[in-house]
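Q: Below: one structure in structure tokens.
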Amino acid sequence: VGGMYNMSQVAMEVNCLVATLPSTLENLTSLLQINFRNNKMTGPPNTRIRSLNLSSYLVDRNLLTGPIPTDVFAPLNQLEYFSIWRNQLTGTISPKLGRMTSCQYFSIDENFFTGTIPSEIGEIPALIEFWVYGWDLTGALPTGLAQRENLTRLMAKTNSLPGPTAGRFDATGHTTLSQVDLNNANF
134 VGGMYNMSQV AMEVNCLVAT LPSTLENLTS LLQINFRNNK MTGPPNTRIR
184 SLNLSSYLVD RNLLTGPIPT DVFAPLNQLE YFSIWRNQLT GTISPKLGRM
234 TSCQYFSIDE NFFTGTIPSE IGEIPALIEF WVYGWDLTGA LPTGLAQREN
284 LTRLMAKTNS LPGPTAGRFD ATGHTTLSQV DLNNANF
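Below is the structure:
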């Protein structure tokens with residue numbers, strides 16, 4: 134795929150691919166969307182895509198390992214869809230991910246992250262869906278989430294998040310929020 138310079142989307146979903154993410158993706162200078170969902174891709178997320186103007190990075194349901202390379206994703210402020218859920222990623226969530234100011238769909242659930250959710254993540258202005266369930270995160274949900282006017286889904290179950298989380302959203306008069314899942318969040 135590295136020689137197809139005008140390609141805007143690579144979609145190889147549900148193909149049982151077992152390799153690492155192709156390093157040649159960086160050569161696709163017109164690439165906007167990467168979709169390698171539901172394969173068996175291994176290794177770390179591709180670190181050579183930082184020069185692309187991606188709007189979608191969808192690599193959920195694979196076997197990716199290691200930390201989220203924030204030096205790659207933080208500069209992608211035009212990224213609207215960031216989905217890396219159900220992999221084997223580790224480490225902490227970097228505050229630099231809050232620089233993805235156009236991100237509408239933020240899904241990093243069902244990995245092995247530790248620590249807290251940085252307040253900078255709650256300040257992403259375009260955020261519509263926020264998925265961080267299935268770990269043992271600690272600390273409070275970022276208060277900025279309650280001010281996200283377009284937020285429709287907040288999924289943070291099975292964590293150790295002290296609350297009054299639900300009360301924060303009631304107090305703001307949040308009208309767009311249609312689904313909140315805080316089951317087993319150990320308030």
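Residue numbers (our numbering): 134 to 320.
The C-beta atom is built at its ideal place from N, Cα and C for all residues, glycine as well.
Short check: CB of isoleucine 261 to CB of isoleucine 241, under 8 Å?
A: To locate residue 261, count along the sequence shown from 1; it is residue 128. To locate residue 241, count along the sequence shown from 1; it is residue 108. The answer is no: Cβ separation not under 8 Å.
Q: Could you check the C-alpha separation between leucine 154 and leucine 165 for me, to the nearest Å?
A: What you label residue 154 is simply residue 21 of the sequence shown in a count that begins at 1. What you label residue 165 is simply residue 32 of the sequence shown in a count that begins at 1. The straight-line gap from Cα to Cα measures roughly 16 Å.
Q: Which ranges does the alpha helix (DSSP H) cover as unbroken runs of at least 4 residues, wholly within the segment 223-268, from first to last along the chain?
A: none
Q: For asparagine 292, count neighbouring C-beta atoms within 10 Å of its own C-beta (all shown protein chains included) and say buried if the count is 16 or more, exposed if not.
A: Numbered from its first residue, the sequence shown carries residue 292 at position 159. By the neighbour-count rule (16 or more Cβ atoms within 10 Å), asparagine 292 is buried.
Q: On the DSSP bridge list, what partners appear for leucine 287?
A: Taking the sequence shown and counting its residues from 1, one reaches residue 287 at position 154. Per DSSP, Phe263, Val313.
Q: Nearest CA to the CA of asparagine 160: which residue from Leu230, Gly199, Leu287, Arg183?
A: On the sequence shown, residue 160 is found 27 positions in, with the first residue counted as 1. Per the Cα distances, Arg183.
Q: Please determine if the segment 252-271 and the segment 196-208 are in contact, where contact requires at least 3 C-beta pairs separated by less than 8 Å.
A: no
Q: Taking the beta carbon of glutamine 142 as the centre, do at least 16 other beta carbons fall within 10 Å, making it buried, or is it exposed?
A: Locating residue 142 in the sequence shown gives position 9, where the first residue counts as 1. Label assigned to glutamine 142: exposed.
Q: Taking DSSP's pairing of strands, which residues face serine 361 in a bridge?
A: For the chain, the structure presents residues 134 to 320; residue 361 sits outside this window and is missing.
Q: Could you check what DSSP says for valine 143 in three-state terms: helix, strand or coil?
A: Translated into positions along the sequence shown, residue 143 becomes position 10. If DSSP states are grouped into helix, strand and coil, valine 143 belongs with the strands.
Q: Excluding sequence positions up to five away, which residues of its chain have a Cβ less than 6 Å from the Cβ of leucine 185?
A: Residue numbering aside, residue 185 sits at position 52 when the sequence shown is read from its first letter. Leu164.
Q: In this structure, does DSSP put serine 184 in helix, strand or coil?
A: By one-based count along the sequence shown, residue 184 stands at place 51. Note: serine 184 maps to coil in three-state DSSP.
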